[in-house]
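Some notes on the structure that comes next.
Protein chains in written order, with the numbering used here: chain A, -2 to 116; chain D, 102 to 208.
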């Protein structure tokens, strides 16, 4: 079974440029998450989707960050314009959510992340 | 505001030297917990879900336990391949992860 796929793995841009990250979750996973991880820190939730609906985007800096999940499958996270402080790893995760079956432990499956460097 | 606190921040072990990592919530009690392992340059990898106080789960050399206030991840007779950052998070709300404990196991 394919895992969560993210692209690009690495991106280097100048400040004030736009950047977009793409995520393809595990097939059948209705819940999709975008996290930000700074060096030496744990992941911080940016936005959570249930199917196509953003059910928690309270920590998404909406002045420059946007996200969408069309058709409830793939998702894109965009930053425009990027700032120096946006340099981090952007992680995507998906899950069945709770109650998804007897084997469902509610766990999140993470992609390998997209590392952004803003110069 | 609740915060997830993990300790210690870093742990250096000799191969075979058992130890424990801690995860706690600063305000309210724990009502379940995820444990994850993260290798450098990779996304976190699921280890355990603990649902209620008193629950224990094991996987190879790892054993996770949960009380009402905190959780422990015990590493028994670790091997170098157990070197990683171990993260915890409550399975609800913001799914806020702790900063992690970086474990290095030397031969």
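Even for Gly, the Cβ is constructed at its ideal location relative to N, Cα and C.
Measure the CB-CB distance between residue 26 of chain A and residue 105 of chain A and report whether it falls below 7 angstroms.
Taking 7 angstroms as the Cβ cut-off, residue 26 of chain A and residue 105 of chain A do not qualify as a contacting pair.
Which bits of chain D does residue 39 of chain A rub up against, with CB to CB less than 7 angstroms?
188, 198, 199, 200, 201, listed in chain order.
Where do the N-terminal and C-terminal ends of the beta strand (DSSP E) with residue 29 of chain A fall, by residue?
Run containing residue 29 of chain A: 28 to 34, per the beta strand (DSSP E) assignment.
Roughly how many angstroms separate the alpha carbons of residue 99 of chain A and residue 183 of chain D, rounded to a whole number?
At residue 99 of chain A, the pLDDT of 47 sits below 50, so the modelled position is not reliable and the matter cannot be decided from this model.
Rounded to a whole number of angstroms, what is the C-alpha to C-alpha distance between residue 149 of chain D and residue 60 of chain A?
Approximately 36 angstroms, taken between the alpha carbons.
Let me know the secondary structure DSSP gives residue 158 of chain D once reduced to three states.
Residue 158 of chain D: strand per DSSP, three-state reduction.
Run through DSSP, which three-state label would residue 53 of chain A get?
DSSP places residue 53 of chain A in strand when its eight states are reduced to three.
From the DSSP secondary-structure annotation, give me the bridge partner or partners of residue 171 of chain D.
Answer is D:125.
In angstroms with no decimal places, state the Cα-to-Cα distance between residue 207 of chain D and residue 111 of chain A.
Distance between the alpha carbons of residue 207 of chain D and residue 111 of chain A is about 30 angstroms.
Mind checking residue 81 of chain A: buried by the 16 CB within 10 Å criterion, or exposed?
Exposed is the call here.
Can the beta-carbon of residue 40 of chain A be found less than 7 angstroms from the beta-carbon of residue 198 of chain D?
Against a cut-off of 7 angstroms, the Cβ pair of residue 198 of chain D and residue 40 of chain A comes out as a contact.
Counting beta carbon pairs with one atom in the stretch 112 to 125 of chain D and one in the stretch 137 to 153 of chain D, are three or more of them shorter than 8 angstroms?
No contact exists between the stretch 137 to 153 of chain D and the stretch 112 to 125 of chain D.
So residue 62 of chain A contacts chain D; which residues on that side make the cut at Cβ distance below 7 angstroms?
The contacting residues do not exist; residue 62 of chain A stays about 16 angstroms from chain D at best.
So residue 103 of chain A contacts chain D; which residues on that side make the cut at Cβ distance below 7 angstroms?
Chain D residues near residue 103 of chain A: 150, 192.
Could you tell me which chain A residues have their CB closer than 7 angstroms to the CB of residue 144 of chain D, listed as they occur along the chain?
By Cβ distance, chain A contributes 88, 107, 108, 109, 110.
Answer yes or no: do residue 88 of chain A and residue 46 of chain A have a C-beta to C-beta separation smaller than 7 angstroms?
In this structure, residue 46 of chain A does not lie closer than 7 angstroms to residue 88 of chain A by Cβ.
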